[in-house]
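With my numbering, you'll find the sequence shown wraps up at 481, consecutive numbering, no jumps.
Where a beta carbon is used, it is the ideal one built from N, C-alpha and C, also for glycine.
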Amino acid sequence: MNYPIWVVPYLGGPWVIGIISIIHIFISHFAVGGGAFLAAAEILAYKRKNENLYDYLKTHSRFFLIVTTVSGAMTGVGIWFSISLVSPDGTASLIQIFTLAWALEYLFFVAELATAFAYYYTWDKISKEAHLKLAKLYFVFSVFTLVIINGIITFMLTPGKWTESHNWLDGFLNPTYWPGLIIRMLIMGAIAGMYALVTSSRIKDPHFRTYMVRFCAKWLLPIFILGPIVSYFYLKQIPQAAVDTIFTGIQTSGVGNFSVLARALYLSLILSGTIVLFAFFGPYLNPRGFTFRIAILFLICGLSVTGTTEWMRELLRKPFVVYNYMYSNGIRKSEIQEITDSGFLNKGRWAGALAKTPECKGDSGELIYRYQCMSCHTVDGYRSMKRMIGDRDKDAVVGFLKMLKEKEADKNPYHGIMPPLAATDDELDKLATYLASLKGESKDATKIGKLP
């Protein structure tokens, strides 16, 4: 409410973040897991004096460098660009809370990039011992970036003691930090194996290709053996209310949260099971029959699992950006009552300034919609507000909005999945006028696109 709003028709801003983030995560996990793969494979080549393996690593490291530094860097910038536009309040809070952590992460990231370039461009130019040290050094730097980013990501779902102490270290070392870190490291190893299967499937020597394909397939095993155990401890640490939404949802919200979160969970499990079966019966038991096309299918399955799992993790903390602290629309939980009493447009700096512009013409209902609803809804597309309003007239919409103002679960069935409406009665009426106009009930409300 203190920053300009970015309107993304049909798709919605959160999906822009989601699409970019899923691609970036699948690549950035390769950047860390691939570092472990390069170091482990080069150690093996050094001990066995295996020149075939050295030749393979030269080719694979080029593929690794292009994917991680070009695609990874571009999508990383894309994430910052999109979250700053879609959720400026949440982004600003994370920067302010973890200023020191971000600074350290950027230092390690620069060191990681520099080491990656040095690793690739020094093949056959320095001794094998020195080159192996570069592989190990890259792995160390990449793990440190993971160690820092994991603390910030897990904080958003389980801020832990931070909500009371406001000490950044309490938020960083939150309840899900360690299980989250272990899970991600296991996933990164599996993703590294998937990417390596692509390059190893292109090896021309059939005997060496068989050896490398089987070696790469082994990198997928730890996540499927240890993953369920670590995931259990992870789920034990997240808020019980978030876990309940997976299996119970609510009965009055249409299809309910159950069908979204539970189906995402089942899809993730099915895809994961498919990968482990294919990995075992394919590249591990039958490495000679493993082809480049099958390797690409592995990557697609891996991307699908990553996307589904990350989407489910994001849904677990809804309706918050930071669980139990800041809602997805950028309003802090502690501010709800004050805003309700004094007025949303009186408290929001940018929203209040826009309300005084000629475009609003005294009717700020659309403006309130943009700031309080558009973080999750669009007018015509994803989570369509038109479809949600249906055939309700203004009086019905007013009743619905009054229910959303309630902060107790027994009075508001959407409590826990939607932020409470923070508005005075007059602002609520203006919002209702605009929402009802989406179905042609009123001609007085402004339409999307008129506001700056």
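- Taking C-beta atoms under 8 Å as the contact rule, isoleucine 368 and proline 448 fail to qualify, at a distance of about 11 Å.
- Across the structure, leucine 82 and phenylalanine 253 are spaced so that their CA atoms are roughly 27 Å apart.
- Between lysine 415 and leucine 467 a beta carbon distance of about 5 Å is seen, short of the 8 Å cut, so the two are scored as contacting.
- For isoleucine 397 and glutamate 456, the gap between their C-alpha atoms comes out near 8 Å.
- Threonine 407 has Ser413 as its beta-bridge partners, per DSSP.
- Nearest in C-alpha terms to lysine 87, of all of Ile112, Tyr149 and Tyr224, is Tyr149.
- DSSP places phenylalanine 349 outside any alpha helix (DSSP H); the residue lies instead in the beta strand (DSSP E), whose first and last residues are 349 to 351.
- Comparing alpha-carbon positions, the option among Thr407, Gly105, Lys376 and Leu328 lying closest to serine 230 turns out to be Leu328.
- According to the DSSP assignment, lysine 76 belongs to the alpha helix (DSSP H) that extends over 42 to 77.
- Rounded to whole angstroms, the separation of the alpha carbons of arginine 213 and glycine 180 is 12 Å.
- Excluding the 5 residues flanking it on each side, glycine 381 has same chain C-beta neighbours closer than 7 Å at Leu374 and Asn375, in chain order.
- Looking at the DSSP output, methionine 447 bridges to His444.
- Note: methionine 355 is bridge-paired with Val351 and Arg361 in the DSSP secondary-structure output.
- With contacts defined as CB atoms closer than 8 Å, histidine 58 and methionine 217 qualify as a contacting pair.
- In the assembly as shown, leucine 175 is a buried residue. Its beta-carbon has 16 or more other beta-carbons within 10 Å.
- Put simply, the backbone Cα of leucine 186 is about 28 Å away from that of tryptophan 379.
- Close CB contacts of serine 297 within its chain, under the 8 Å cut and outside five residues either way in sequence, are with Val334, Thr337, Thr338 and Met341 (chain order).
- If you draw a straight line from the Cα of glycine 41 to the Cα of leucine 73, it is about 48 Å long.
- By the Cβ neighbour-count rule, lysine 347 is buried, with 16 or more other Cβ atoms within 10 Å of its own.
- The alpha-carbon of histidine 195 is positioned some 14 Å away from that of serine 363.
- Alanine 130 is positioned such that its CB atom lies closer than 8 Å to that of isoleucine 177.
- Annotated three-state conformation of glycine 180 is helix, per DSSP.
- Annotation: tryptophan 35 is outside any alpha helix (DSSP H) and is labelled neither H nor E by DSSP.
- Look at alanine 452 here: in three-state DSSP terms it is coil, with no helix or strand label.
- Nearest in C-alpha terms to alanine 164, of all of Ala143, Phe244 and Asn441, is Ala143.
- Scanning its chain for C-beta atoms nearer than 6 Å, with the 5 sequence neighbours on each side dropped, one finds around proline 204 the residues Thr187, Gly189 and Gln266, in chain order.
- Bounds of the alpha helix (DSSP H) holding leucine 326 are 321 to 345.
- Under the DSSP assignment, histidine 89 falls in the alpha helix (DSSP H) whose first and last residues are 80 to 94.
- Judged by their CB atoms, tyrosine 356 and threonine 192 are not nearer to each other than the 8 Å cut-off.
- Contact annotation: the segment 405 to 420 does not touch the segment 61 to 72, with fewer than three C-beta pairs closer than 8 Å.
- Residue environment analysis places tyrosine 39 among the exposed positions, since fewer than 16 neighbouring C-beta atoms fall within 10 angstroms of its C-beta.
- By the 16-neighbour rule on beta-carbons within 10 angstroms, tyrosine 463 is buried.
- If you ignore the 5 residues before and after leucine 114, its C-beta comes within less than 8 Å of the C-beta of Trp35 and Gly42, all in its own chain and listed in chain order.
- Within the segment 173 to 222, the runs of alpha helix (DSSP H) at least 4 residues long that lie entirely inside it are, in chain order, 191 to 194 and 197 to 201.
- Just measuring C-alpha positions, the residue of Phe168, Ser171, Glu134 and Phe244 sitting nearest leucine 314 is Phe244.
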